[in-house]
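Protein chains in written order, with my numbering: chain A, 887 to 1151; chain B, 52 to 713; chain C, 35 to 163.
Glycine included, every Cβ here is placed at the ideal spot set by N, Cα and C.
Since this is a predicted model, take the numbers as computed values, not measurements.
Below is one structure, written out as structure tokens; comments come after it.
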Amino acid sequence: MIYNYYPGCTLSTKAKKLDVAARRAAAVLGFPLVELPEWQCCGAVYPMAPDAIAERLSAVRALAAAKANGGVLVTLCSACHHVLKRVNHDMAANEEICRKVNNYLQLEEPYHGETKVLHYLEVLRDHVGWEKLAQQVKNPLKGCSIGAYYGCLLLRPGQVMTMDDPECPNILEDFIKALGAAPVKYSMRNECCAGYLAVTDKGMCQRMVGEIKSNAAGMGAQKLITACPLCAYNLVANDTANGLPVQYFTELLAEALGVGEGGAE
Amino acid sequence: MQKIGVFVCWCGSNIAGTVDVAAVAEAVRQIPDVAFATDYKYMCSEQGQAIIRQAVQDYQLDRIVVCSCSPRMHEATFRKCAESVGINPYMVEIANIREQCSWVLKDKAEATAKAIKLAKAAIAKVRFNTPLHAGKSSVVKRALVIGGGIAGIQTALDIAEAGYKVDIVEKEPTIGGRMAQLDKTFPTLDCSACILTPKMVDAAQHENITLYTYSEVEKVSGFVGNFDVTIRKKARSVKADMCSGCGLCTEKCPSRKTPSEFDMNLKNRGAIYIPFAQAIPKVPVIDRDACLKFKTGKCGICSMVCPCDAIDYTQQDELITEKYGAIVLATGFELLPLDKFGDLGWGASKDVISSLQLERLTNAAGPTEGHLVCPSSGKEPKSVVIVSCVGSRDTTERGKTYCSKICCMYNAKHAMYIREKYPNVDVTVFYIDVRTPGKGFDEFQRRAVEEYGVHYVRGQVGKVVVDGDGKLTVFASDLNSGRHLMLFPDLVVLAAAVKPAPDARKLATMLTASIDNDDFYVEAHPKLRPVESPTAGIFLSGMCQGPKDIPETVSQAGAAAAKVIGLLAKDHLETNPCTAVCQENICSGCKSCAHVCPYGAITYADKQIITLNGTREQRTVAVVNEALCQGCGACTVACPSTAMDLKGFTNKQILAEVDALC
Amino acid sequence: MELTDKELAQQILHLAGTDVKRCIQCGRCSAACPAGDKMDYVPSRMVWELVNGNGASLVKADAPWRCLSCFACEQRCPRGVSPAAVMEAVRLTVIRKQGANKLPAESLENYPADMPQQALVAAFRKYNK
């Protein structure tokens, strides 16, 4: 099984930590990530309008490249995952969009949504398995109470994103348990951090971050983990009060597997 | 020569609006053996039928074709009409020129041409009709009611009062159903148990009623008037005839880890338990999955303290077979499980409860003796929020598309319970619409607002956040003012959708009763036959047929009972004569037919056959049980030699229809 | 040529691609919206205006620019309507017009250096064409 990998712009630059840890961990766990030789920025937001064809092309190029290689397409960044998965769904389900995109791209083989888009967490859950993951853990995170921060893009809309139940998700909590830590569930874990509004409405972002962090801390979380570089940024830069530390889930994973920053390669 | 009469109906404008009925009559009039053809506005009416009778007499007609609506509507009507003037009722054929013609086509020329073709096909078929005679089957004068809630109890009482024997099979250890869990009932606010328990006692004591509690229907075969049912009496591990109902065992049981189903998981019960104080029969049951004796071999306290020596750990399930003439489904409902509603706080806080859970909290016989307290703290709430339509009117995967009907009323009821007992507690009900169509219902709900000061806000709740101290924050809309609200109640009540009992589908399969995608049993006709299943001999009573409140349930229970009584009052039933028949001299005994028969109506017998060559031979041939055969025709298709044929729909008749059309 | 209110609404509806007639005005979307208290037209009101063909009031609303694009409204709608799609359709209808961009390039001057570029890309794509 080839695990084609789409890192996305932010992971290649400002969120390198998320990417490097992920690759190390994947290698150890037996699903080495093969970065697509050519990829472009996915666009950061999913183009909702049915006539937005150009905005979907970049995603389709990545999807088609993965199809050509065979195997699945793995993503890490919540935003990229959201864009790629939803565009993939359009290619399979929306006849007009599929036709127009294929007409423009003139790929060797037309693309109809064949590639399976998986989030890194899905690979851990469905291909590796929590039990097997737990067995590989060298440094169990004992005594840590960790709150999973899902944000909005990984889970919604549930009918397309399908990774987990959008209102009662479990994948990150199961992940935390597999690493030996104690997951802390809290109501605000699937509420939006305000995302790109950090640029235009900082106040809104500060409010959301405040509500999310105080809710998590109030339920006993000592740290938050997330999969999205923008969430990770907002949760720290727009935190006016709390100070609850935030990490990428892959950093935690790498640490637990003994291939973290300070650990061996 | 045959003399066929053809009668083309206008059906008002339903057919005549799209089909030139006069032209159809004219076209068939030209056929040599059609002795009479006419068209008329309403063939099924008194006058229409009079026309048929007159024509039969005037033209000595020996067979009839009616071009009209679907035979499902009036085949029986025209058969009776023919019989009344001396023509065998099975010498009548219906050409459906409404549902299959005028209702699906728009162009008059096209529709008329099709109607003529359909008429000609019916005429071609009727040429091969032969007189058929309905058989007789007996009626076992005993009814089975599946489900012992108010619907089942009421139906059984009405049937028993009419003098017939009736058995109630209830899967819980006691009869009573959901009403036993309720506190007070709308719109009169009388105590539920007070009006239910007398009926429970009546049912238990009636000489014509037998109760099978902690029992389930395992197998059903047979047909209307003659159902064979196997009932599994699950082992209670208590000898019912020795038990005095003292309840000592339930008090002394050391296992306290099982959530009580009756108390909606708000309290635990023992492994040996009686669901509630007025249970009938008042005989405990051992939940073997929770019982220490069954799990580890240790304990046995109940047996030691029992003054009647009634505990029997070796007791086994018992299978009982019984014959019934009619079966009534009264399997009731449950609330939609809310595990997909994490956005409303379900599962994140003990203080986010369902409506049935609130009912248990306010009930004086409930887990808190009627004190309204927050399950998390045991303290009285200062404010309560009630959320309507949780999972109802919901077209997404997590909900049900229908309106659950009872929630608007019970929300008002709950709000008034709380305000009556705790006038300082603030109650807010969030609603989309308020639906109060019954007698006195609107006035009831308005009292909540006008007399009891309940805040009714039009708008829904979007999120319930639980914080580290267990405090709840409710985010809701006030659409009338356009405001976004944030409330901090101590208790949130979710009015969950109702849905049929989880084993409804299994039972439907067992009885071959129609069931819809929401697992409600389907009625034979939504307006005219609401308590009968399309399957003959099966009747429907209560919530299992659709959401309804107690007044409607009791009405429907009586209606179902009336239908059963009508059936059981007959000494015999007429069976459908359109059954399969085997032409023995061409049957090879290959047994293909029995394999496809869904009713188990075909067996085989060794017979002496005179072959087509005139010789005698011993052969195994198919034999059709005419009482079991429903005339589906599957065997006639499976049969490789055409030995199997279907009376009333013979191969010759069908081929004649095809020839006429092509 | 100026479009009539109804024509504008039709255009927005086409761009939204969601069946707004299914809406029963329950208000759950508005309640779920994190920015609901900051909007002049909450999500359920936006849908209502669209159902009634009030194109002009939709494009004048401030709400689409407060929207987080978090899809909570779409997820929690019991009728399968997407108020998020309506918000997006109104945004696009506005910014696809020449000179109607909402985010001036000068605002980049104060852009924190460590902010992930995806925020920049996302914001400019939502507010500008």
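Using beta-carbon distances, K900 of chain A counts as an interface residue toward chain C, with a partner under 9 Å. Within the same chain, and ignoring the five residues on either side of A611 of chain B in sequence, the residues whose Cβ sits closer than 6 Å to its Cβ are T206, V379, V582, F590 and S592. Annotation for Y482 of chain B: the continuous beta strand (DSSP E) segment containing it runs D477 to Y482. For D1050 of chain A, there is no enclosing alpha helix (DSSP H), as DSSP gives it neither H nor E.
Taking the Cα positions, E126 of chain B is about 12 Å away from Q100 of chain B. One finds D518, G519 and D520 in chain B with Cβ atoms closer than 8 Å to the Cβ of G1104 of chain A, taken in chain order. Collapsing the DSSP output to three states places S428 of chain B in coil. For Q1133 of chain A, there is no enclosing alpha helix (DSSP H); the residue is found in the beta strand (DSSP E) stretching over V1132 to Y1134.
Put simply, the CB of A66 of chain C is near chain B, with a gap under 9 Å to one of its CB atoms.
Legend: CB atoms of the segment 477-498 of chain B lying less than 7 Å from CB atoms of chain C belong to residues I483. The beta carbon of G296 of chain B is closer than 7 Å to those of K333 and V334 in its chain, skipping five residues each way along the sequence. The three-state reading of DSSP puts N531 of chain B in coil, since its state is none of H, G, I, E or B.
Considering only beta carbons, the part of the segment 76-92 of chain C lying closer than 8 Å to chain B consists of V76, S78 and R79, in chain order. Taking 9 Å as the cut-off, the Cβ atoms of K160 of chain C and S103 of chain C count as close. For G1096 of chain A, the enclosing alpha helix (DSSP H) has its first and last residue at K1088 to G1104.
Under the three-state reduction of DSSP, Y324 of chain B is assigned to strand. Secondary structure note for H967 of chain A: its alpha helix (DSSP H) is the uninterrupted segment S964 to A979. Collapsing the DSSP output to three states places H422 of chain B in coil.
Within 10 angstroms of the beta-carbon of H184 of chain B lie fewer than 16 other beta-carbons, which makes it exposed. As computed with DSSP, D338 of chain B is found in no beta bridge at all.
As DSSP reads the structure, G1033 of chain A sits in a beta bridge with A:V1070 and A:L1110. In the three-state DSSP reduction, Y572 of chain B falls in the strand class (E or B). Inter-residue distance for N135 of chain C and A160 of chain B is about 60 Å (C-alpha atoms, whole angstroms).
Taking G351 of chain B as reference, the option from B:G383, B:T301 and B:D390 with the minimal CA-CA separation is B:T301.
In the DSSP assignment, D241 of chain B is bridged to B:T236. Contacts between K391 of chain B and chain A, judged by CB atoms closer than 7 Å, involve D1051, E1053 and C1054 in chain order. About 6 Å separates the beta carbons of S189 of chain B and G276 of chain B, which is inside the 8 Å limit, making them a contact pair. Contact annotation: the segment 124-131 of chain C does not touch the segment 1054-1061 of chain A, with fewer than three C-beta pairs closer than 8 Å.
For the segment 104-181 of chain B, the full-length beta strand (DSSP E) segments reaching 3 residues or more read 114-119 and 143-147 along the chain. Contacts with chain B (Cβ-Cβ distance below 9 Å) from the segment 1069-1101 of chain A involve K1071, Y1072, S1073, M1074, N1076, E1077, E1097, S1100 and N1101, listed in chain order. Leaving aside the five residues that flank G1129 of chain A on each side, none in its chain has a CB nearer than 6 Å to its CB.
Flagged as an interface residue toward chain A: K160 of chain C, by a C-beta distance shorter than 9 Å. Think of a sphere of 8 Å around the beta carbon of A527 of chain B: the chain C residues whose beta carbon falls inside it are G61 and A65, in chain order. In this structure, the alpha-carbon of D529 of chain B lies about 6 Å from that of R509 of chain B. Within the segment 36-52 of chain C, those residues whose Cβ lies closer than 7 Å to any Cβ of chain A are, in chain order, L49 and G51. Our two residues, K40 of chain C and I46 of chain C, have alpha carbons roughly 10 Å apart in a direct line.
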